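*Asks:* Have a look at the structure that comes next, please.
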Amino acid sequence: MASTGVALTDVATVAVLAFVGLRLVGVARHAVRAPLRARVVALWKGLRPRHLLPVPVVLTAVVAAATALVQVPGLDVGWWTALGGYGNPVTGGTEQTTGTPLELIVPLVFVVLLLPGLPLFAAAEERMFRLGAEGWSTTRRIGMGVVFGLAHALIGIPLGVALALSIGG
């Protein structure tokens, strides 16, 4: 029997990118329409210096931890990398597109589609992982930070990067 030259991982990669792309189109479409547009604008207007000032420090800590953790065998893998992707499916980078125009086009399109809905995603994460945190014990805060980080492994990022996100969680 002759081989078709199409690997199962290629089919899975296309399916994942199609799913993510369609979801991003849907979110972007809804985020720019009223009333969600009003919610997005309110979220942007609600940002204060106290929200933004810690970002460089936290981002540096997360990147440093992620860089170290992905050096540990097993922590450098997520389901997306197992399919030949890099980063996460939301940015759409794959080994299959390396060296082609799609290497730049797919991530660019996906990020542009992500931007309108990003405040909505952040608000949903706040509700799921931080609502009521002011009254939590330190142990619970750390635990929820780890849960927050590991939840990102579900979207395909390597386990070490997911664990590093716990720092900012």
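Count the sequence shown with the numbering used here and you get residues 8 to 176, in order.
From the three backbone atoms N, C-alpha and C, an ideal C-beta is built for every residue, glycine too.
These figures come from a predicted structure and were not determined experimentally.
Could you tell me if Trp143 is buried or exposed, where buried requires 16 or more neighbouring beta carbons within 10 angstroms of its beta carbon?
*Replies:* The residue you call residue 143 lines up with position 136 of the sequence shown. Its Cβ having fewer than 16 others within 10 Å, Trp143 is exposed.
*Asks:* Is Pro114 closer than 8 Å to Gly91 when the C-beta atoms are compared?
*Replies:* For the purposes of this step, residue 91 is taken as the residue at position 84 of the sequence shown. For the purposes of this step, residue 114 is taken as the residue at position 107 of the sequence shown. The answer is no: Cβ separation not under 8 Å.
*Asks:* Kindly confirm or deny that the region 81 to 97 and the region 157 to 170 touch, where touching means at least three C-beta pairs closer than 8 Å.
*Replies:* Yes, since at least three Cβ pairs between the region 81 to 97 and the region 157 to 170 fall closer than 8 Å, the two stretches touch.
*Asks:* Leaving aside the five residues before and after Ala37 along the sequence, list all residues of the same chain whose C-beta is less than 6 Å from its C-beta, in chain order.
*Replies:* Translated into the one-based positions of the sequence shown, residue 37 becomes position 30. Checking the sequence shown, residue 37 turns out to be His, not Ala. Within the same chain, His37 has close Cβ partners Leu43.
*Asks:* Kindly indicate which three-state DSSP category Thr145 falls into: helix, strand or coil?
*Replies:* Your numbering for residue 145 matches position 138 in the sequence shown. Three-state result, Thr145: helix.
*Asks:* With respect to the alpha helix (DSSP H) encompassing Asp17, which residues constitute its N-terminal and C-terminal limits?
*Replies:* Against the sequence shown, residue 17 aligns to sequence position 10. Note, Asp17: alpha helix (DSSP H), Leu15 to Ala38.
*Asks:* Using DSSP with H/G/I as helix, E/B as strand and the rest coil, what is Gly124?
*Replies:* The residue labelled residue 124 in the question sits at position 117 within the sequence shown. If DSSP states are grouped into helix, strand and coil, Gly124 belongs with the helices.
*Asks:* Closest to Ala131 by CA distance: which of Val13, Arg46 and Leu109 is it?
*Replies:* Walking along the sequence shown from the start, residue 131 turns up at place 124. Of Val13, Arg46 and Leu109, the residue nearest in Cα terms is Arg46.
*Asks:* Any idea if Met151 is buried or exposed, counting beta-carbon neighbours within 10 angstroms, 16 or more meaning buried?
*Replies:* Walking along the sequence shown from the start, residue 151 turns up at place 144. Answer is buried; the Cβ neighbour count reaches 16.
*Asks:* What is the rounded straight-line gap between the Cα of Ala19 and the Cα of Val97?
*Replies:* For the purposes of this step, residue 19 is taken as the residue at position 12 of the sequence shown. For the purposes of this step, residue 97 is taken as the residue at position 90 of the sequence shown. C-alpha separation (whole angstroms): 15 Å.
*Asks:* Using 8 Å as the threshold, is the C-beta distance between Ala35 and Pro123 below it?
*Replies:* Locating residue 35 in the sequence shown gives position 28, where the first residue counts as 1. Locating residue 123 in the sequence shown gives position 116, where the first residue counts as 1. In contact: Ala35 and Pro123 (Cβ atoms closer than 8 Å).
*Asks:* With DSSP as the reference, label Thr101 as helix, strand or coil.
*Replies:* Walking along the sequence shown from the start, residue 101 turns up at place 94. Three-state result, Thr101: strand.
*Asks:* Using the Cβ count rule (16 or more neighbours within 10 Å means buried), how would you classify Thr88?
*Replies:* Residue 88 sits at position 81 when you count from the first residue of the sequence shown. By the neighbour-count rule (16 or more Cβ atoms within 10 Å), Thr88 is buried.
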